[in-house]
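Colleague: Residue numbers (our numbering): 426 to 562.
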């Protein structure tokens, strides 16, 4: 059971974990051990609440396919168990990130006093530049 928050969780049967060989250079055991994890999670056929499903499917992320399947490859660590835990943690972070609702931006106007200060400083600066000009006798 993967716990997302206190009232949302995903059963283990809905998460497909597959051990694969890790990329990159290795040592003597490089051709024998499968220490990376390939995690697949079908959002559409999951037991997540509809709010989570909608947000995940509309979330722009390269790890979510057009079919609604989340694919995460974890190969950062040397052991299979650490990579498994890393993949599950990344799935939880992805689900939480998709459900964050950003505050809508309200456009603001500069205050009348700030506009006056701005215009006064422009006038002061232009007067200063006028004083630098050559005077015509």
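All residues carry an ideal CB built from backbone N, CA and C; glycine is no exception. This structure is a prediction, so every number in the text was calculated from the model and none was measured.
1. Using C-beta distances below 7 Å, list every residue in its chain close to residue 483, excluding the 5 sequence neighbours before and after it, in chain order.
2. Counting C-beta neighbours from all protein chains within 10 Å, is the total for residue 553 16 or more, i.e. buried, or is it exposed?
3. What is the residue span of the beta strand (DSSP E) that residue 554 lies within?
4. Leaving out the 5 sequence neighbours to the left and right, which residues in its chain are closer than 7 Å to residue 511 when beta-carbon positions are compared?
5. Could you give the distance in angstroms between the alpha-carbon of residue 449 and the alpha-carbon of residue 487?
6. What three-state label does DSSP hand residue 439 in the structure shown?
7. Can you tell which of 467, 544, 528 has its C-alpha closest to the C-alpha of residue 535?
8. Considering just the uninterrupted stretch of the alpha helix (DSSP H) at residue 489, what are its terminal residues?
9. Since residue 495 contacts residue 516 with CB under 8 Å, what's their CB separation in whole angstroms?
10. Could you give the distance in angstroms between the alpha-carbon of residue 461 and the alpha-carbon of residue 444?
11. Report buried or exposed for residue 523, applying the criterion of at least 16 other Cβ atoms within 10 angstroms of its Cβ.
12. Tell me, which residues are paired with residue 429 by DSSP?
13. For residue 426, which residues from the same chain have a beta carbon less than 8 Å from its beta carbon, with the 5 sequence-adjacent residues on both sides left out?
Modeller: Walking through what the data contain:
1. none
2. exposed
3. Segment 537-557 is the alpha helix (DSSP H) holding residue 554; no beta strand (DSSP E) there.
4. 499, 501, 502
5. 22 Å
6. helix
7. 544
8. Looking at the DSSP string, residue 489 is not in any alpha helix (DSSP H), and its letter there is neither H nor E.
9. 7 Å
10. 6 Å
11. buried
12. DSSP lists no partner for residue 429.
13. 434, 435, 436, 437
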